[in-house]
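Read top to bottom, the protein sequences are chains A and B. Heads up: the first sequence begins at 1 in my numbering, then just goes up one per residue. Heads up: the second sequence begins at 1001 in my numbering, then just goes up one per residue. We put the beta carbon where it would ideally sit given N, CA and C, even for glycine.
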Amino acid sequence: MTGEARTAGLNAAVRRAVAGTAASTRSFFREPLTIALLLALPAVSIEIYGASLGQFPELGVFASVGSLETTGRITGAVFATGALAGVLGLFQMISARDADRRLALCGFRGVELLGARFATVLVVSGAIAAVSTATLAGLLTTSIGAPLGVFLGLVLAGVIYGLIGVLVGSVLPRELEGSLVLVILADMDNVFASGLFAIDESVTRFAPLSQPHELVTRAVVDGTLAVDHAVAALGHVAVFGVAAVAAYTYQVERGGDD
Amino acid sequence: MSTNGRPSEGDATDERSANERDGRSNESSDDSRVDAEAVVEARGIEKTYDSWLPFARSVEVLDGAALEVRRGEVVGIMGANGSGKSTLMEILAGILDADAGTVERAGTVGWCPQEPRLYDRLTVDETFRLFGRAYGMTDDEIDDAREWLTDVLDFERFRDRQVRHLSGGNRQKLNLSVALMHEPDLLLLDEPYTGFDWETFLAFWDLTEELRDRGVGVAVISHIINERDRFDVVYELHEGHLHRETVGGEGHDDRDADASAQPSDTGVQSSDTDARAAGVTGE
């Protein structure tokens, strides 16, 4: 292949990836119910988690870094961001499954489609994290020391669960069952990640939300950016990214006999 | 076997005539069509749907099915509900793998599935843009294709509407347009006129004639018995086997007794009834 042909092929691949990302991002933001959930769920989750934990007296039953109410609100923000992004990843896979196969037949490569899906997860996770960060800042009684750290932690929570959603949507392409798996997983994960219970840390640190949760907590309570937790969270992104690539590529390229 | 709309390196162009290959003579009154290159040739296709569930039975859909479509030929595929027509077409298109057999394609493929596999929240224009990108078309080529097809199929006023808000008929027009927009060498249409009004139904056949004249090979799954004369060749799918029948010209060429014994498997009776039974609406 000549250099010119290679450049033309690369340009065509970039155009396809941009078109695919634009199409799936538009699809997400065109659903009014999705926008309503995007705006409402973080506020509801942050408020309920904060109010619930705030009811407990500070007797040392829970192992929290900040006050129980603050820890509860942080936990609510991480849960809302992860769950929303996860459901997006799941429904992106299920609703576009047949159309993706047709697009692949028309010339999109599996990797280009997947790139578009990942880019959409990133864009939408950013949007959800921005809403969650703003909502958390508004509902906390104290000011946030490092807002950028909070935003980064929530973006990572969103991306990790977005990828888990893509993974679940690839291997279990059913709306009800897939949603149940995701929400139950996020709920259990959130319990581990909250650090409220004295569970062996060698186990809980592998919970997908644990590193983003720690990032957000440090940013809120200490005003610091915990780079070590950010790196560990990126490790989670890599692991779930590879798993999602494998599952998605298999699903798109194997044909239509479910 | 090619797995996308473009020919792969492994796609072979078979120059042999049908007569030579099948050992038959005088099969068609149209010598030029017989001599034309096959754009798709399937041999010995087998497909069985297995279930992972215990006690669920496997369903054998295709058992040694063979078919070819030549350039400038319009081929009808008929058969009873559940006989495996859509499965056969998905295998021809390359979206589904056969358990056994070979499919050779020469040229680009356009596939119009029975259920439109489109993105519900994109508009008509955005759908043309996205699939045009997939086909590797330039912006101008995409615009030209969109102008041509929305005009011919009469749905240009819905260009800004999201797919989920289109009527069934207009969604089907877009479905057909996506298959056609890159002007493929082989067009595979799975009951393409479901939901069309009468004018669009006629416009569809005018378009098919135009494509035939351009040398496009067209295969159409149809339930409309009285449309048989529009086809050059009809394949009847029955119990996993395809029975070929040449239509028109100097007379029918029933090659298989089963073919003539099965034409009413679809249960459709008369032309108007046929059209409506196939989902064509209004007059």
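DSSP, reduced to helix, strand and coil, places M1089 (chain B) within a helical segment of the structure shown. Boundaries for A1106 (chain B): no beta strand (DSSP E) harbours it, and the DSSP string shows neither H nor E there.
With 16 or more other Cβ atoms from the protein chains shown falling within 10 Å of its own Cβ, I164 (chain A) counts as buried.
Cβ proximity to chain B below 9 Å picks out A12, R15, R16, V18, A19, G20, A22, A23, S24, R26, S27 and F28 from the region 7-28 of chain A. CA-CA distance, G223 (chain A) to V216 (chain A), rounds to 9 Å. Against chain A, the CB of A1134 (chain B) has a partner CB under 8 Å away; the residue lies at that interface. Within chain A, the residues A99 have their CB atoms less than 7 Å from the CB of L1118 (chain B), given in chain order.
Within the region 1035-1096 of chain B, the runs of beta strand (DSSP E) at least 3 residues long that lie entirely inside it are, in chain order, 1038-1049, 1059-1070 and 1074-1079. Here I94 (chain A) carries a helix assignment [DSSP, helix/strand/coil]. Residues of the region 1090-1105 of chain B whose Cβ lies closer than 8 Å to any Cβ of chain A, in chain order: E1090, A1093, G1094, I1095, L1096 and D1097.
With contacts defined by Cβ atoms closer than 8 Å, Q1162 (chain B) and T1123 (chain B) form a contacting pair. Using a Cβ-Cβ cut-off of 8 Å, R174 (chain A) does not count as an interface residue toward chain B, since no Cβ of chain B sits closer than that to its own.
Scanning its chain for C-beta atoms nearer than 7 Å, with the 5 sequence neighbours on each side dropped, one finds around E214 (chain A) the residues A226 and H229, in chain order. When DSSP assignments are scanned along the region 69-119 of chain A, no uninterrupted stretch of beta strand (DSSP E) that is 3 or more residues long falls wholly within it. Sixteen is the threshold: when 16 or more other Cβ atoms of the shown chains lie within 10 Å of the Cβ of Y1235 (chain B), as they do, the residue is buried. Sequence-ordered contacts of the region 89-120 of chain A with chain B read S95, A96, D98, A99, R101, R102, L103, A104, L105, C106, G107 and F108 [C-beta pairs closer than 8 Å].
Counting only Cβ-Cβ distances below 8 Å, E31 (chain A) has contacts in chain B at R1121, in chain order. L68 (chain A) and V242 (chain A) have their C-alpha atoms roughly 36 Å apart. Among the residues facing chain A, W1111 (chain B) is included, as its CB has a counterpart in that chain under 8 Å away.
Taking CB atoms only, L1211 (chain B) has no neighbour in chain A less than 8 Å away.
Taking a contact as a CB-CB distance under 8 Å, the pair A219 (chain A) and G145 (chain A) counts as one, their CB atoms being some 6 Å apart. Under the three-state reduction of DSSP, L1187 (chain B) is assigned to strand. Under the Cβ criterion of 8 Å, L1130 (chain B) is counted among the residues facing chain A.
Residue contact check for E1126 (chain B) against chain A: a CB pair falls below 8 Å. Secondary structure remark: continuous beta strand (DSSP E) runs of at least 3 residues inside the region 1145-1196 of chain B, in chain order: 1186-1190. Counting only the Cα atoms, W1052 (chain B) lies some 40 Å from G76 (chain A). DSSP places L185 (chain A) outside any beta strand (DSSP E); the residue lies instead in the alpha helix (DSSP H), whose first and last residues are E175 to S194.
Residues of the same chain with a CB within less than 7 Å of the CB of L1207 (chain B), apart from the 5 flanking positions on each side, are V1152 in chain order. If you draw a straight line from the Cα of D1063 (chain B) to the Cα of T1102 (chain B), it comes to about 13 Å. DSSP assignment within the region 16-60 of chain A yields the following whole alpha helix (DSSP H) runs of 4 residues or more, N-terminal first: 32-54.
The beta carbon of F1158 (chain B) sits closer than 7 Å to the beta carbons of V1124, L1166 and N1170 from its chain, once the five residues preceding and following it are set aside; these are given in chain order. Residue state for V237 (chain A) is assigned as helix, using DSSP reduced to three classes.
In the DSSP assignment, no residue is bridged to I128 (chain A). Taking a C-beta distance under 8 Å as the contact criterion, V159 (chain A) and T133 (chain A) do not qualify as a contact pair.
Here L1118 (chain B) really is in contact with A99 (chain A); their C-beta atoms are around 6 Å apart, less than 8 Å.
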